[in-house]
DNA sequence: TGGACGCTGCTTACATACAAGACCTGCCAC
DNA sequence: GTGGCAGGTCTTGTATGTAAGCAGCGTCCA
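This is the structure we're talking about:
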C-alpha cells in the first residue's frame, strides 16, 4: 500500500474503513464486499476481512454469513445506548477530578477551545477538536484510558449527527458549552461542571433526535433485514 | 469440531479461548501460538487468528507482531479502569429505573438469588449467577444492551478476583448485598439501591486490592515486555 | 399467468501456502 | 572466556485457493 512499514496493513485498512463509515462516505446499507475492498485498497482479502470483523464487533458493520457485509443502519436504539454509555462514563469521571488540576491538560484544553473558535472551521475539524476536548476532560480525572470505550459509543452518535448536520452552522453553541464546562472545572465548581457537561451531552443528543424527527427516512431499524444486494455504490 | 453447524468455528474458538483465559486455565503470560491452538482445537489458523485479534481488542490477549501472542498480564491499572467503567454504567442505569418494574425481570432476579443461596455452590456457578443478576438489574432500567460493555470490563475484574479467590468462602457476603440491592429496588428506594450497589461494587474491588497486596507477584505491569518464549505451558 | 426449479454468479468461511521478521543457539574468531 | 555472526526455527502477516451457501433470474411446466 505504500505506507510506512511500521504499521500493519490491517490497521490501515481498519482505520480507513472506519473513517469512511463515520463520515458517511460509506453510507448505511452500503455493500462492503471483501473482494472489492481488497482490490480498491490494493491489499488481499485477509486484512480487509479482519477489519470487517472488528467493525462488526463495534456495530458499524453487519456481516451476513455467505451473503455479504454492509454498513449498519443508523439505529435509533443503538444511538440511545451510545448516549447513555457516554454520559455515564463522562459524568462519573467528574466525581474523581482532583483538587489540583494537571496544568498540562488544562493548557491543552484551552488551546483546543481557541481552535474551536477559529473562523472557517469545517465539520471534520470540529469533530476532531470535540473528540480531543472530551478526551482531555477524562484525563483530568485520571480516567483517560476509559476513552476508548467512549470512542466506540461516540462513533454511533457522530454518524447520526452527521446525517442532519453537514455544516458547522449552530456549532457555536456547543463551543460555548465547552467553554462553560472548562471554566467550571478550573474554578473548582465540579457540581456546576457536571451539570454543564450533562446538559451539553443531552443537547447533542436532542440535536440528533430532532434530525430523526425531521428526516426519519435517514434512520432505519436494524432489524436483520438484508439490504438489497449492490443497492448502493460501494466505492465512491 | 463437531459442533452444530449453526455456529461458526470462529465463535466457538473465541468463546473457548475467552473462557479459558477468564478462568485462568490459560494463565497470564501463557503463549498462544496460532499453530498450536489450531492443532489443539482441530481447526485452521484462520478462525484462531481472528479470535486472537478479538481477544486482543478486549485486552485479554497481547499480540506481538512476528513474535507471538500471549495471555495479557493482570494489570492493576486495567483492573481499576474496568471497575470505574462498570460502576459508572451500573449506577447511571439506576437513575433510569421506572416507577413500575418489569415483573418478569423481578421474578428472574428473585429466582437467581434463590440459587445463589444453594449449598455447595461452586465458584463458576456463582460467577454465572452474579453475571446474570447484574445484567438483570441493567434490564430493569431499559439499559440491558449496555451489558456487553460491562462484560468486557467484568472480564478483567473476574480474572483478578480469581487470582485470590478459589473457593466460595466469603461469597455469602456478596449474596447478602445482592439481596439488599434488589429489596431496595423493589421497595422503590432507588437512592438506597444506588448506595447498596455502589458499596457492593466497591467491596468486590477492595477484595481484589486485598489480594493484590497479599500476593503482588500474581499481578504484573503490562509494560510491553515480551514474555520469555514458551515460558508457560500453553495447553494444559 | 403463475409457480417451481435449476443454473449462474456472487458472497463469506475456512484452509493453506508463502513472506518476512525476531529469537535462540551454536560455532568461530579473538 | 567472550563477542559476534550466521543459520535454523519459531512466530505472525499476508496472499490465495477451496468449499459451501444464498440470491436472483430465467425457464419450463401446469
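Chains as they are written, first to last, in this note's numbering: chain E, 4 to 239; chain L, 4 to 239.
Where a beta carbon is used, it is the ideal one built from N, C-alpha and C, also for glycine.
The three-state secondary structure of residue 173 (chain L), taken from DSSP, is coil. Here the alpha carbon of residue 112 (chain L) sits roughly 40 Å from the alpha carbon of residue 17 (chain E). Against chain L, the beta carbon of residue 84 (chain E) has neighbours under 7 Å at 148 and 149, listed in chain order. DSSP places residue 87 (chain L) inside the alpha helix (DSSP H), whose first and last residues are 79 to 97. For residue 46 (chain E), the secondary structure class from DSSP, reduced to helix, strand or coil, is coil. Following the DSSP letters along the chain, one finds residue 72 (chain L) inside the beta strand (DSSP E) bounded by residues 71 to 74. With fewer than 16 neighbouring CB atoms inside 10 Å of its own CB, residue 80 (chain E) falls in the exposed class. At a cut-off of 8 Å between C-beta atoms, residue 44 (chain E) does not count as an interface residue with respect to chain L. In the DSSP assignment, residue 205 (chain E) falls within the alpha helix (DSSP H) that extends over 193 to 217.
In this structure residue 167 (chain E) is in contact with residue 217 (chain E), their Cβ atoms being roughly 7 Å apart against a cut-off of 8 Å.
With a cutoff of 8 Å on beta-carbon distance, residue 42 (chain E) and residue 73 (chain E) are scored as not near each other. Two segments are said to touch when three or more pairs of C-beta atoms, one from each, lie closer than 8 Å; by this definition the region 114 to 127 of chain L touches the region 181 to 199 of chain L. Contact check for residue 91 (chain L) against residue 160 (chain L) fails: the beta carbons are separated by 8 Å or more.
Going by DSSP, residue 162 (chain E) is part of no beta strand (DSSP E) but of the alpha helix (DSSP H) stretching over 150 to 167.
Within its own chain, the residues whose Cβ lies closer than 8 Å to the Cβ of residue 139 (chain L), once the five positions on either side in sequence are excluded, are 108, 111, 112 and 115, listed in chain order.
When Cβ pairs closer than 8 Å are counted between the two stretches, the region 97 to 106 of chain L is seen to touch the region 144 to 158 of chain L, the count reaching three or more. Taking a Cβ-Cβ threshold of 7 Å, the residues of chain L close to residue 92 (chain E) are 88 and 91, in chain order. DSSP places residue 130 (chain L) outside any beta strand (DSSP E); the residue lies instead in the alpha helix (DSSP H), whose first and last residues are 126 to 143. Sequence-distant partners of residue 22 (chain L) (beyond 5 residues in either direction) whose C-beta falls short of 6 Å from its own C-beta are missing from its chain. DSSP, read as helix, strand or coil, puts residue 14 (chain E) in helix. For residue 113 (chain E), the enclosing alpha helix (DSSP H) has its first and last residue at 106 to 119. Taking the Cα positions, residue 194 (chain E) is about 38 Å away from residue 58 (chain L).
Approximately 12 Å separates the beta-carbon atoms of residue 187 (chain L) and residue 202 (chain L); this is outside 8 Å, ruling out the contact.
For residue 100 (chain L), the closest Cβ of chain E is not nearer than 8 Å.
Among the CB atoms of chain E, none fall inside 8 Å of the CB of residue 184 (chain L). Secondary structure of residue 34 (chain L) (DSSP, three-state): strand. Exclusion of the five residues before and after residue 155 (chain E) leaves 61 as the residues of its chain whose Cβ lies within less than 6 Å of its Cβ. Taking C-beta atoms under 8 Å as the contact rule, residue 82 (chain E) and residue 75 (chain E) fail to qualify, at a distance of about 11 Å.
Of the candidates L:49, L:127 and L:25, the residue whose Cα lies closest to the Cα of residue 13 (chain L) is L:49. Excluding residues up to 5 positions away in sequence, 115 lie with their Cβ nearer than 6 Å to the Cβ of residue 135 (chain E) in the same chain. If you draw a straight line from the Cα of residue 98 (chain E) to the Cα of residue 94 (chain L), it comes to about 13 Å.
Rounded to the nearest whole angstrom, the CA to CA distance from residue 88 (chain E) to residue 149 (chain L) is 7 Å. By the neighbour-count definition (other C-beta atoms within 10 Å, threshold 16), residue 11 (chain E) is an exposed residue.
With respect to residue 44 (chain E), residue 19 (chain E) sits close: the two C-beta atoms are nearer than 8 Å. Taking the Cβ atoms as the reference, residue 162 (chain L) lies roughly 6 Å from residue 77 (chain L), within the contact range of under 8 Å. Interface annotation for the region 43 to 63 of chain E against chain L: 53, 56, 57 and 60, criterion Cβ-Cβ distance under 7 Å.
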